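Going down the list, the protein sequences come from chains F and R. Just so we're aligned, residue 1 is where the first sequence starts under full-length UniProt numbering, counting upward by one. Just so we're aligned, residue 1 is where the second sequence starts under full-length UniProt numbering, counting upward by one. From the three backbone atoms N, C-alpha and C, an ideal C-beta is built for every residue, glycine too. Predicted model only: the values in this text are computed from it and were never measured. Worksheet for the structure shown next.
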Amino acid sequence: MRLVVVGNGMAGARLVSEVRARDPRMQVTVFGAEQGSPYNRVLLSNVLAGQARPEQLGLHDLSWYDTHRVEAVLGSAVAWIDRESRAVHTADGRRAPYDLLVLATGSEAIVPPIPGVGRAIPFRTLDDCDRIVKAAADSRRAVVIGGGLLGVEAARGLAGRGLPVTLLHLAGHLMERQLDPEAGLVLGETLAGLGVAIRTGASAVAVEDGGVRLAGGELVEGDLVVLACGVRPLTALAAEAGLEVRRGIVVDDELRTDDPSILAIGECAEHDGTVYGLVAPAWEQAAVAADVITGGASRYRGSRLVTRLKASSVELAAMGETHLTDEQAEVVRFSHRARGTYRKLVIRDDRLVGAILLGDTDAVGTLTQLYDRGGPLPGDRAGLLFPGPAPAARADSPTLMPDAAKVCHCNDVTKGQIRACWEAGARDVAGVAAATRATTGCGTCRDAVAGIVGWLCEQEGVPA
Amino acid sequence: MAEPVKTHCPYCALQCGMAISATASGITITPRTDVPANAAGALCQKGWTAADLLTNGARLTSPLLHGRPVDWDVALGHVADRLSAIRLEHGPDGVAVFGGGGLTNEKAYLLGKLARVALGTSQIDYNGRFCMSSAAAASIRAFGMDRGMPFPVTDLAGADVVLLAGANPAETMPPFVRHLDGPRLIVVDPRRTATARLAWLHLRPAPGTDLALALGLLHLAVAEDLVDAAYVEERTSGFDAVRTSLAAWWPERVERITGVPVPRMREAVRALAYAKNAYVLTGRGAEQHAQGTDTVTAFVNLALALGLPGRLGSGYGCLTGQGNGQGGREHGQKADQLPGYRRIDDPAAREHVAGVWGVDPGDLPGPGRSAFELLEALGTPAGPKAMLLFGSNPVVSAPDSARVAERIRSLDLLVVCDVVMSETAALADVVFPVTQWAEETGTMTNLEGRVLLRRQAVRPPPGVRSDLEVIAGLARRLGHDFADEPGKVFEELRRASAGGPADYSGITYDRITGETEDPGETHGGGDVPYGGEVRDRADDRGGAEVGVFWPCPAPGHPGTPRPFLEAFATPGGRARFVPVEHRGPAEEIDDDYPVYLTTGRVLAHYQSGAQTRRIAALAAAVPEPYVELHPDLAGRLDIGAGDLVRVTSRRGQGQGVARISDAIRSDTVFMPFHWEGANRLTNPALDPTSRMPEFKVCAVRVERVT
Numbered sequence: 001m002r003l004v005v006v007g008n009g010m011a012g013a014r015l016v017s018e019v020r021a022r023d024p025r026m027q028v029t030v031f032g033a034e035q036g037s038p039y040n041r042v043l044l045s046n047v048l049a050g051q052a053r054p055e056q057l058g059l060h061d062l063s064w065y066d067t068h069r070v071e072a073v074l075g076s077a078v079a080w081i082d083r084e085s086r087a088v089h090t091a092d093g094r095r096a097p098y099d100l101l102v103l104a105t106g107s108e109a110i111v112p113p114i115p116g117v118g119r120a121i122p123f124r125t126l127d128d129c130d131r132i133v134k135a136a137a138d139s140r141r142a143v144v145i146g147g148g149l150l151g152v153e154a155a156r157g158l159a160g161r162g163l164p165v166t167l168l169h170l171a172g173h174l175m176e177r178q179l180d181p182e183a184g185l186v187l188g189e190t191l192a193g194l195g196v197a198i199r200t201g202a203s204a205v206a207v208e209d210g211g212v213r214l215a216g217g218e219l220v221e222g223d224l225v226v227l228a229c230g231v232r233p234l235t236a237l238a239a240e241a242g243l244e245v246r247r248g249i250v251v252d253d254e255l256r257t258d259d260p261s262i263l264a265i266g267e268c269a270e271h272d273g274t275v276y277g278l279v280a281p282a283w284e285q286a287a288v289a290a291d292v293i294t295g296g297a298s299r300y301r302g303s304r305l306v307t308r309l310k311a312s313s314v315e316l317a318a319m320g321e322t323h324l325t326d327e328q329a330e331v332v333r334f335s336h337r338a339r340g341t342y343r344k345l346v347i348r349d350d351r352l353v354g355a356i357l358l359g360d361t362d363a364v365g366t367l368t369q370l371y372d373r374g375g376p377l378p379g380d381r382a383g384l385l386f387p388g389p390a391p392a393a394r395a396d397s398p399t400l401m402p403d404a405a406k407v408c409h410c411n412d413v414t415k416g417q418i419r420a421c422w423e424a425g426a427r428d429v430a431g432v433a434a435a436t437r438a439t440t441g442c443g444t445c446r447d448a449v450a451g452i453v454g455w456l457c458e459q460e461g462v463p464a
Numbered sequence: 001m002a003e004p005v006k007t008h009c010p011y012c013a014l015q016c017g018m019a020i021s022a023t024a025s026g027i028t029i030t031p032r033t034d035v036p037a038n039a040a041g042a043l044c045q046k047g048w049t050a051a052d053l054l055t056n057g058a059r060l061t062s063p064l065l066h067g068r069p070v071d072w073d074v075a076l077g078h079v080a081d082r083l084s085a086i087r088l089e090h091g092p093d094g095v096a097v098f099g100g101g102g103l104t105n106e107k108a109y110l111l112g113k114l115a116r117v118a119l120g121t122s123q124i125d126y127n128g129r130f131c132m133s134s135a136a137a138a139s140i141r142a143f144g145m146d147r148g149m150p151f152p153v154t155d156l157a158g159a160d161v162v163l164l165a166g167a168n169p170a171e172t173m174p175p176f177v178r179h180l181d182g183p184r185l186i187v188v189d190p191r192r193t194a195t196a197r198l199a200w201l202h203l204r205p206a207p208g209t210d211l212a213l214a215l216g217l218l219h220l221a222v223a224e225d226l227v228d229a230a231y232v233e234e235r236t237s238g239f240d241a242v243r244t245s246l247a248a249w250w251p252e253r254v255e256r257i258t259g260v261p262v263p264r265m266r267e268a269v270r271a272l273a274y275a276k277n278a279y280v281l282t283g284r285g286a287e288q289h290a291q292g293t294d295t296v297t298a299f300v301n302l303a304l305a306l307g308l309p310g311r312l313g314s315g316y317g318c319l320t321g322q323g324n325g326q327g328g329r330e331h332g333q334k335a336d337q338l339p340g341y342r343r344i345d346d347p348a349a350r351e352h353v354a355g356v357w358g359v360d361p362g363d364l365p366g367p368g369r370s371a372f373e374l375l376e377a378l379g380t381p382a383g384p385k386a387m388l389l390f391g392s393n394p395v396v397s398a399p400d401s402a403r404v405a406e407r408i409r410s411l412d413l414l415v416v417c418d419v420v421m422s423e424t425a426a427l428a429d430v431v432f433p434v435t436q437w438a439e440e441t442g443t444m445t446n447l448e449g450r451v452l453l454r455r456q457a458v459r460p461p462p463g464v465r466s467d468l469e470v471i472a473g474l475a476r477r478l479g480h481d482f483a484d485e486p487g488k489v490f491e492e493l494r495r496a497s498a499g500g501p502a503d504y505s506g507i508t509y510d511r512i513t514g515e516t517e518d519p520g521e522t523h524g525g526g527d528v529p530y531g532g533e534v535r536d537r538a539d540d541r542g543g544a545e546v547g548v549f550w551p552c553p554a555p556g557h558p559g560t561p562r563p564f565l566e567a568f569a570t571p572g573g574r575a576r577f578v579p580v581e582h583r584g585p586a587e588e589i590d591d592d593y594p595v596y597l598t599t600g601r602v603l604a605h606y607q608s609g610a611q612t613r614r615i616a617a618l619a620a621a622v623p624e625p626y627v628e629l630h631p632d633l634a635g636r637l638d639i640g641a642g643d644l645v646r647v648t649s650r651r652g653q654g655q656g657v658a659r660i661s662d663a664i665r666s667d668t669v670f671m672p673f674h675w676e677g678a679n680r681l682t683n684p685a686l687d688p689t690s691r692m693p694e695f696k697v698c699a700v701r702v703e704r705v706t
């Protein structure tokens, strides 16, 4: 069995690891257009923000390929697929025959066709990131075009480097695919507080020396312009080979294209009408494809999307169908703009189908898991939005504590027993400890016992 | 009135010091103040009530052959004859030996010798495989040696931050919590346990995801430049491979797997990194998984990256559970091991130990099956047909216990040594009634690696013999002369352990108790007068510490409280980073089994409950098994507090009374494992390295019994 993988990005590299973990012997060749080893693109924003170094992004060392007996052909782009004889050909004349071929060609940054766009730097690869960071060092102001997830992260990252940033966004609010208008507004206000000026409904028509020209004629000043205008699946290789391509390369539940010996995964693939642009679905697809390739029965049924913004001092999670209205679903909403807090649950059939959480909250862990697993929700919806701190263990005052309440866990002593002990003459903690052994285990109930003894003394007018 | 005898508690690995006074009016327990573990004179309810089992009539006092009392010679003779016949028919591996982490060092040692010398079987393992094996494997992998806590327990109090991963000492060893009074606690546990209530920060990962959490914490440590680069450079190896593996474990991904919010992870890792002194400690919650070894390794990697292990005032340690869980894993009752923590497949180790035993190294068997694999093989065509069981109750404590009970029933011969009629003893062909704790002398190695002397304080009931006497009695009938007096067995153990990682050769009973004026004579054992007349000659030792830390390779050696300060026990002296990946629970929840089950202990009971369920005060504190569940789950299932609840897994059913509490996640139920039931449900999926079963997570269905 000869497996050829085209693309050594996050999906392709993951697939190779997953296949190798399942089958130590299969002959595997992976082609990567970039020269270096694969890296974690999710962390690019952290590099841009100066919170990670490029060398922390590597997913495999180059030695990994040797130790795992994977042939890696890096810096060599695949030019065409010969489906007839089942082989791929590179531009430099190399031919690699396959029994199974996986296309993981990913996507490319969309560069809007406007005058002067060459002055701008797209934000997509580690090289792009490197260019932006270098340029930022000599810049006075930055403009980021595109207020989706990546644009927001880039703007926040540049602001964190001390650069005043303007974020231009065509739609009426930021991250409009993930957020409702109010969440977009609160996010914008939070970013503004961190040095990012937000311009929504802004259409860039040209990139000039001094900044970005808007449709209304206004010039938004900036000597560094970053593009985050979305991505487009790289499907040319598949299309030229005659595979079915719509927005992405069309695949079934086994991630196979209409040629059963060719699979496609990641951002180049279209499953059930959806092209995914996040890493989690790509890795889920890689796991299913690896299982299919090694003879397993896994099937891919689509992914649940959780978007988590990586931007320091901005906690944002969005998942599922956040746009449904009160007419379409049960919606629970809390907004506190002054604190940068916005929380929203979208519930259908007692299941969480969408959520937005903006601002630091412990609810994110629970809600993500409820959304991922589709588990039933508790009746107390507010409790989901406000997972309060754990009730204090010994908050009860002696007055309100029932006699049956356990005071000393280590020695199974109740308030009633302490009271009885007091009535029998014990007037301090030592006396109670001698009689009941309370406080002699872990010792953490000492204050509680002292409080009860003191309260009893006070009640009865006995000096403690 | 006789002087109180200074000894130690019969239960957990903290081995609290206690003094026992036996008088005509009864037996009194007083906490000692000279033992660092419970220096404040602390004891939990189990410790205070420990003496009840000495006098409350629950004891076995006569050997039983097929349930009928017989005398010792008949019982021992019967067993020896049957063992010989089974060996003749099925070969030496036709006989299995199963030990326990509560046995003294002397017993663990002699049991291993019985198996390897008198029976010639490779088929020996013990219940510590279910407790400590994952932490042990990870420690050996990283440090070259497994001494649970490689520092004195009293060091903890000086730390700024302590992270407890899957450990609940407030429930399992309460006096230990006093050592955590100073540091800020970070507790990793799916449940808001008694320990989590004391925490400065409680991280609540979904069951079976602790490994992912540890990877996320380490990712953050690297990303935020909190790694102690100088330490990593000087004292470790392998960091680059770990750093590369971490790129796949960015915190937002980990948050989705674990349910622990990214900001809480950041707080945890920053607190640990900014602390002047910090400790990372693991317990069974992190370890009892099919990925338990890797989980511990991930926490060890975190500790190493932050420069903690082998530094005064900081470190990594595991909290050993059973009374002699440390010593019990060192002296040869483990399938792959010889005394002194030697490997049985190491030719030099075989030669040394064979020399002490006076046998040919080639005659020693090789490694045998691990605990669950051994139990699973019992009575099968390729498996053992007889089993000798000491200090364990696998019908209650083994995973998938209904299947284990079925395997045990299929044996041609089951021999059980116990103090009381445990659930497993009830299935035995022959039961030997043995002495317990205060009725015998022996050494215990506590969670710190401190070797202690647990001394005889009272006379055992008539008709009862020690495990050592049973082992030696069987060996004698099989043609081998074994010592059966604890002091003599310990002298032999010292020689057998000499030169091994766990070297006890410089330790004597007198050194342990601080009685060095008479170094030629060991103290305690068969010549000790009965009836509470054993006197401690070291009443006034001027504040000298109790016990000796191993390794202690020579009589004049002071012992080694902190073995890694200069170098780790690896060939190059460097600690090893090992890259690991999170795989998740072996059994995930689904539509048929939609709830996680996790299991654990309660304060009032110990292990399979054979002892504590027979003590009135403890039985009153927690009288019956229960199922802890969240109000949301209870509401959906129409279960009220106090209802009888049935829990079903792919392997079996268990029942308990509902306890409704928001201290547990709504996707998880908890059952204590001190009764038959919980382990009928648990999953025997094994860790590939340690062979630890996955006690801490499986998928179940929960319903009210109508």
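Item: Within-8 Å CB hit, R:Glu252 to chain F; Value: yes
Item: Exposed unless 16 or more other CB atoms sit within 10 angstroms - verdict on F:Arg140; Value: exposed
Item: Through-space distance from F:Thr190 to R:Gly609, alpha-carbon basis; Value: 56 Å
Item: Identity of the residue in R:Ala298, R:Leu14, R:Lys46 nearest R:Leu618 by Cα; Value: R:Lys46
Item: Cross-chain neighbours of R:Gly259 in chain F, by beta carbon under 8 Å; Value: Gly365, Thr366, Thr368, Gln369
Item: Cutoff 7 Å; reference R:Cys404; Cβ partners in own chain excluding five residues on either side; Value: Sequence inspection shows Val at residue 404 of chain R; the Cys mentioned does not correspond to that position. Closer than 7 Å at the Cβ level, and outside the excluded window around R:Val404, lie Leu375, Pro394, Val395, Ala398.
Item: F:Val78: contacting residues in chain R (beta-carbon distance under 8 Å); Value: Near F:Val78 there are no residues of chain R at all, since even the closest Cβ is about 25 Å away, more than 8 Å.
Item: Identity of the residue in F:Asn46, F:Val288, F:Leu309, F:Ser85 nearest F:Arg299 by Cα; Value: F:Val288
Item: R:Asp225 versus R:Asp336, R:Gln655, R:Val420, R:Arg266, residue with shortest Cα-Cα distance; Value: R:Arg266
Item: Rounded Cβ spacing between R:Leu413 and R:Leu114 (contact assumed at less than 8 Å); Value: Not quite, the Cβ-Cβ distance comes to about 15 Å (not below 8 Å), so this is no contact.
Item: Residues from the segment 133 to 163 of chain R in contact with chain F, defined by Cβ distance under 9 Å; Value: none
Item: Neighbourhood of R:Ala19 by C-beta distance below 6 Å, restricted to the same chain and skipping five residues each side; Value: Pro4, Lys6, Thr30, Arg32
Item: Chain B contact for R:Gln611 (CB, 8 Å cutoff); Value: Considering every chain present, this structure includes no chain B. Its protein chains are F and R.
Item: Stretch-stretch touch, CB-based, cutoff 8 Å, three pairs: the segment 114 to 133 of chain R with the segment 424 to 433 of chain R; Value: no
Item: Simplified DSSP state of F:Trp422, which is helix, strand or coil; Value: helix
Item: Neighbourhood of R:Val300 by C-beta, 7 Å cutoff - its chain only, sequence neighbours within 5 removed; Value: Ala138, Ala142, Tyr316
Item: 8 Å Cβ cutoff, R:Trp84 in contact with chain F; Value: Looking at the sequence provided, one finds Ser at residue 84 of chain R rather than Trp. For R:Ser84, the answer is no, since every Cβ of chain F falls outside 8 Å of its Cβ.
Item: Cβ-based burial, F:Ala202 [other Cβ within 10 Å; buried from 16]; Value: buried
Item: Whole alpha helix (DSSP H) elements within the segment 103 to 187 of chain F, 4-residue minimum; Value: 126 to 137, 149 to 160
Item: Residues near R:Met173 by beta carbon distance below 6 Å, same chain, minus five either side; Value: Cys12, Leu14
Item: Start-to-end residues for the alpha helix (DSSP H) that takes in R:Gln300; Value: A quick correction: the sequence has Val, not Gln, at residue 300 of chain R. Run containing R:Val300: 292 to 305, per the alpha helix (DSSP H) assignment.
Item: Segments assigned beta strand (DSSP E), at least 3 residues, entirely inside the segment 645 to 700 of chain R; Value: 653 to 660, 668 to 672, 683 to 686
Item: 8 Å Cβ cut-off: residues of chain R touching F:Leu59; Value: Thr244, Ala247, Ala248
Item: For F:Leu214: DSSP bridge partner residues; Value: F:Ala204
Item: Which residues DSSP lists as bridging R:Gly315, in chain order; Value: R:Tyr279
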